[in-house]
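Here is the structure we will look at.
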Amino acid sequence: MAERTYLKPPWMQQHVGNRLAPLFGRSMVSKLSVRGRTSGRWRTVPVAVLDHDGERYLVSYRGVSDWALNLRASPECRLTVRGRTEDLTTEEVPAAERPPIMAAYREKYGSMPTVSSVLSALPDPADHPVFRLRGRG
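Taking the numbering used here, the leading residue of the sequence shown gets 283, the next gets one more, and so forth.
Encoded structure:
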C-alpha cells in the first residue's frame with residue numbers, strides 16, 4: 283500500500299468531537315456521506331463546506347483522509363446541511379489549482395479548533411485533496 287500524507291485526529295476529536303460538531307457548529311459544519319471504497323456502505327463524517335468564487339468545495343484539511351479516498355473511488359456523495367440532504371457528485375481539483383482554495387479555507391475556517399495547526403503542519407496544498415461539488419442530473 284502506498285504511503286499517504288494524513289494527520290490522524292486525536293482520539294477525543296475522532297470519537298467525541300466529530301459526533302458533537304454538527305450539533306454545536308450547525309452554521310459551519312455539514313455531514314458528508316460517502317460510500318466505503320471496499321464495503322460499499324455509507325460512511326458519514328462532519329465537514330466544513332467552502333463557498334469560493336461561486337463554487338462549493340470539500341477540503342480534506344488533515345490530508346488524504348478515508349473520505350477523500352472514498353470520493354476518489356466513487357465521486358457520488360450526500361451532503362446534509364441544516365437538515366437538508368443533497369445528492370451530489372464531486373470532481374477532484376488538480377493540485378496546481380488548490381493554493382487559492384486552501385488560502386480561502388484557512389481564512390474562513392482557520393479559527394476552528396485544530397484547523398490552523400494542522401494546516402501549518404501540512405503547508406503544501408498538494409497534501410490536501412480538494413473536491414468541487416456538483417449537482418447530479
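For glycine and all other residues, C-beta sits at the position ideal for the given N, C-alpha and C. Values in this document were obtained by computation on a predicted structure and should not be read as measured data.
Worksheet item: What runs of the alpha helix (DSSP H), each 4 residues or longer, lie entirely inside the segment 383-410?
Response: Complete alpha helix (DSSP H) runs here, min 4: 397-403.
Practice prompt. For alanine 350, count neighbouring C-beta atoms within 10 Å of its own C-beta (all shown protein chains included) and say buried if the count is 16 or more, exposed if not.
Written response: Around the C-beta of alanine 350, 16 or more other C-beta atoms lie within 10 Å, and the residue is accordingly described as buried.
Fill in: Helix, strand or coil at leucine 289 [DSSP, three-state]
Here leucine 289 sits in coil by DSSP.
Worksheet item: Which one of Tyr343, Leu314 and Leu404 has the shortest CA to CA distance from arginine 366?
Response: When only C-alpha atoms are compared, the closest one is Leu314.
Worksheet item: Sorted by chain position, which residues of the same chain lie with C-beta nearer than 8 Å to glutamate 373's C-beta, five sequence neighbours on each side aside?
Response: Residues of the same chain with a CB within less than 8 Å of the CB of glutamate 373, apart from the 5 flanking positions on each side, are Pro357, Phe413, Arg414 and Arg416 in chain order.
Worksheet entry | CA-to-CA distance, arginine 354 to methionine 283, given in whole angstroms | Because the pLDDT at methionine 283 is just 47, under 50, the model does not fix this residue reliably, and the point stays unresolved.
Worksheet item: Using DSSP with H/G/I as helix, E/B as strand and the rest coil, what is valine 412?
Response: Strand at valine 412.
Discussion item. Could you pull the DSSP bridge partners for tryptophan 324 from this structure?
Written reply: Note: tryptophan 324 is bridge-paired with Arg317 in the DSSP secondary-structure output.
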